[in-house]
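Numbering (full-length UniProt numbering), first residue to last: 1 to 448. Where a beta carbon is used, it is the ideal one built from N, C-alpha and C, also for glycine.
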Amino acid sequence: MRDGTTRYLLKWRELPYDQASWEVGDDSGEFEIPDLQKAIQDYWDLRAAVEAADSGQVPSKKSASKSKSKSRKSGDLRDDDSGGRGRGTPPLHQVDPKKKYEGQPPFVVENDNELHPFQLEGVNWLRFSWAHHTDTILADEMGLGKTIQTIVFLYSLYKEGHCRGPFLVSAPLSTIINWEREFEVWAPDFYVVTYIGDKDSRAVIREHEFSFDEKAVRNPNKACRIKKDASVKFHVLLTSYELVCIDATILGSVDWQVLVVDEAHRLKNNQSKFFKVLNNYKINYKLLLTGTPLQNNLEELFHLLNFLSPQNFNDLQGFLNEFADVSKEEQVKKLHDLLGCHLLRRLKADVLKNMPSKSEFIIRVDLTPLQKKYYKYILTRNYEALNAKGGSQSVSLLNIMMDLKKCCNHPYLFPAASQEAPRLPRRRHHASRMGHMKAQAWSRRVAS
């Protein structure tokens, strides 16, 4: 700015990107913003790391030779012994991904986390498969931590200097928030961008979150292709199935080092738009997550395998004929051998043998005065329907029951009741809300 102050564009936790605001980079603003200085420092650290990677240097500013190999330029260092690192990768000695972790990885321990033995085995299997260019399906039963194993696998590639990203995670919209939470816990050094929201929010993301290069996306208001040689700013992009298709132009122009598809049964139909669009993305390694790899029939399993490795699984009819009768032990063994290198599945009964039995406690509580008020109102308003005889009133009774259930869950589920909620003074409410927000800082220029 002309007065010499620097303003940062801040994205607030739990608010969409189109609600981002420009704030002064110190405590001179109207409100004190928690963690602002940390967010600003994280921004500059990330920018320095990206620029150092582009110039062939490590963030410590020590010179390093710039490789011209395609694998290093794209971020995949599987066959590069130079120890090249980028985008904030710490200067750790590379660990052979084909070598198993016998104990907890150091980057897991340093964050006070711990993997279960079977989860560590899953991470080792994923790293080994990645090193051998074998695309995989992690098909553990629900509840065994497929999300955590995936995040630790991606984090290991980054922390050990094997691959600097970017990584694409496509998941149901309802699970995105869980992915965000787990990334914060298990991979705190990752810069994760959640690509969801309306067209205005996504335009802000394309303009500010895809690259530090202001010209990387020619027209942020449209999902146009990213500039070919532009460096991607983030490590991980979280998005939904729908946006993979809607914004395929820009997302498909990125060279993704790893693709993760959560609840991959969405790929069991090779005629679906999601299957066809994702097949055109530039992807170096594919990882599918599903708790039901064989849900209905072998054809669905074949489509998953075809998406993973189309060069090896391209004959549907031959596959169905070969395994026409999976009830035979010989065919089951043959199918297991075929899937062995691509699929890993564990059941709770096999790996959680010491799990305590489930206990359920029902604690009864009284309704609040506001709940009692609306509970009585629902009953009196529907007095005639409640007293009617015969089966013709079944629909009305069901609606009444649903209203009573909503009242018991929370009275503010009714618009009229929410208007009775106590109000705080505007300024005090604003300051309280600030305490629950997390700042992410962007800066397009610094005024001198």
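Checklist entry - Between the C-alpha atoms of Val217 and Ile176, what's the straight-line distance to the nearest angstrom? => result Rounded to whole angstroms, Val217 and Ile176 show a C-alpha spacing of 25 Å.
Next on the checklist: DSSP three-state label for Ile378, please.
Outcome noted: When secondary structure is reduced to three states using DSSP, Ile378 falls in the helix class.
Item to check | Helix, strand or coil at Phe167 according to DSSP, with G and I counted as helix | outcome: In this structure, DSSP gives Phe167 an extended state, which the three-state scheme calls strand.
Checklist entry - For the stretch 118-153, which segments carrying the beta strand (DSSP E) assignment without a break, of at least 3 residues, lie completely within its bounds, in sequence order? => result Complete beta strand (DSSP E) runs here, min 3: 136-138.
Item to check | Thr175 (DSSP reduced to helix, strand or coil) | outcome: Note: Thr175 maps to helix in three-state DSSP.
Item to check | According to DSSP, residues forming a beta bridge with Leu289 | outcome: Leu138.
Item to check | Closest by C-alpha distance to Gln119, when choosing among Thr136, Gly145, Pro220, Asp96 | outcome: Ranking the options by Cα distance to Gln119, first place goes to Gly145.
Checklist entry - Of the choices Tyr158, Gly318, Asn312, Lys228, whose alpha-carbon is the least far from that of residue 463? => result Limits of the chain in this structure are 1 at one end and 448 at the other, which puts residue 463 out of reach.
Checklist entry - CA-CA distance, Leu173 and Ser240? => result In this structure, the straight-line span from the alpha carbon of Leu173 to that of Ser240 is close to 5 Å.
Checklist entry - Counting Cβ pairs closer than 8 Å, one from the stretch 281-290 and one from the stretch 255-272, do we hit at least three? => result Yes, since at least three Cβ pairs between the stretch 281-290 and the stretch 255-272 fall closer than 8 Å, the two stretches touch.
Next on the checklist: Suppose you measure from the CA of Asp18 to the CA of Ser359; what does that come to, to the nearest Å?
Outcome noted: Distance between the alpha carbons of Asp18 and Ser359: 44 Å.
Checklist entry - Given a threshold of 16 other Cβ atoms within 10 Å of its Cβ, counted over all protein chains shown, does Lys268 qualify as buried or as exposed? => result So Lys268 ends up on the buried side.
Checklist entry - Looking at the unbroken alpha helix (DSSP H) that takes in Trp256, where does it start and where does it end? => result If you look at Trp256, you'll find it isn't in any alpha helix (DSSP H); DSSP assigns it neither H nor E.
Next on the checklist: With distance defined between alpha-carbon atoms, name the residue in Arg346, Glu322, Ala171, Leu397 nearest to Cys245.
Outcome noted: Ranking Arg346, Glu322, Ala171, Leu397 by Cα distance to Cys245 puts Ala171 first.
Next on the checklist: Using 9 Å as the threshold, is the C-beta distance between Phe167 and His235 below it?
Outcome noted: Cβ atoms of Phe167 and His235: closer than 9 Å.
Item to check | With 16 other Cβ atoms within 10 Å as the buried cut-off, status of Leu238 | outcome: Buried.
Checklist entry - For Ala421, which residues from the same chain have a beta carbon less than 7 Å from its beta carbon, with the 5 sequence-adjacent residues on both sides left out? => result Excluding sequence neighbours, Ala421 sits near Tyr412.
Next on the checklist: Taking only three categories from DSSP, how would you classify Leu294?
Outcome noted: Three-state DSSP puts Leu294 in coil, outside helix and strand.
Checklist entry - By how many angstroms is the C-alpha of Ser129 removed from the C-alpha of Tyr191? => result Here the alpha carbon of Tyr191 sits roughly 25 Å from the alpha carbon of Ser129.
Checklist entry - Rounded C-beta distance between Val108 and Val152? I'm assuming under 8 Å. => result So it is a contact: roughly 6 Å between Cβ atoms.
Checklist entry - Alpha carbon to alpha carbon, how far is Val446 from Leu9? => result Here Val446 scores only 43 on pLDDT, less than 50, and its place in the model should not be relied on; the value that follows carries that caveat. When rounded, the distance between both Cα atoms is 12 Å.
Checklist entry - Helix, strand or coil for Val95 per DSSP? => result Per DSSP, reduced to three states, the secondary structure at Val95 is coil, with no helix or strand assignment.
Checklist entry - Just the Cα atoms here: how many angstroms apart are Pro97 and Trp256? => result For Pro97 and Trp256, the distance between alpha carbons rounds to 19 Å.
Checklist entry - Do Lys233 and Leu36 come within 9 Å of each other at the CB atom, strictly closer than that value? => result Judged by their CB atoms, Leu36 and Lys233 are not nearer to each other than the 9 Å cut-off.
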